[in-house]
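Engineer: If you scroll down you'll find the structure; I have some questions about it.
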Amino acid sequence: MRYTPNGKPVTSFSIATTNRYTVEGEQREETQWFRVSTWNRTAEVCNQYLSKGSKVYVEGRLQGRQWEGQDGVQRFSIEINADRVLFLDRPSDRTSNNEEPMVEFNRPDFNQPEASDISEFQEPGNDLPF
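The sequence shown begins at 47 in the numbering used here and counts up by one.
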């Protein structure tokens with residue numbers, strides 16, 4: 047988790063989506079990775095509870111980013127600025143065997159960064175879009 051210059055928490059993580067299909071009897075699989083940014087209380091909760099392999103459902107706005115890599119090549123990526131995050135794993139999958147409902151964070155005060163937060167926030171420089 048990081049903080050903007052105004053002190054707002056930001057958590058970023060990557061998610062994978064896999065498309066499985068068949069072409070002429072041959073099974074194929076394509077996986078695409080997306081970087082997700084969460085803000086405010088959602089960022090704090092995601093930072094605390096998400097771990098590698100967690101199943102999540104994310105809704106949000108797409109935001110394009112363009113930068114110049116260390117090799118001088120222009121790079122571009124699309125990031126999801128999350129408005130809604132659902133934890134699809136049962137808490138029992140992480141702790142005990144109790145059946146509990148999934149957790150949802152979809153409150154405006156949890157998720158919405160201010161425009162000044164987005165423009166002021168600078169990701170540490172690296173060549174990777176995620």
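Glycine is no exception: its CB is placed at the ideal position from the N, C-alpha and C atoms.
Residues bridged to residue 95 by DSSP?
Structural biologist: Its beta-bridge partners do not exist; DSSP assigns none.
Engineer: Would you say the segment 66-75 touches the segment 107-126, given that touching needs at least three Cβ pairs under 8 Å?
Structural biologist: no
Engineer: May I ask you to report which of helix, strand or coil DSSP gives residue 65?
Structural biologist: strand
Engineer: Answer yes or no: do residue 83 and residue 128 have a C-beta to C-beta separation smaller than 8 Å?
Structural biologist: Their beta carbons are under 8 Å apart, which means residue 83 touches residue 128 by this criterion.
Engineer: Would you tell me roughly how many angstroms separate the C-alpha atoms of residue 130 and residue 95, rounded to the nearest one?
Structural biologist: 15 Å
Engineer: CB-CB under 6 Å to residue 113, same chain, minus the five flanking residues each way: which ones, in chain order?
Structural biologist: 121
Engineer: Excluding five sequence neighbours on each side, which residues of the same chain lie with their C-beta closer than 6 Å to the C-beta of residue 177?
Structural biologist: Any property of residue 177 remains undetermined from this structure, which presents the chain solely from 47 to 176.
Engineer: According to DSSP, what are the bridge partners of residue 55?
Structural biologist: 49
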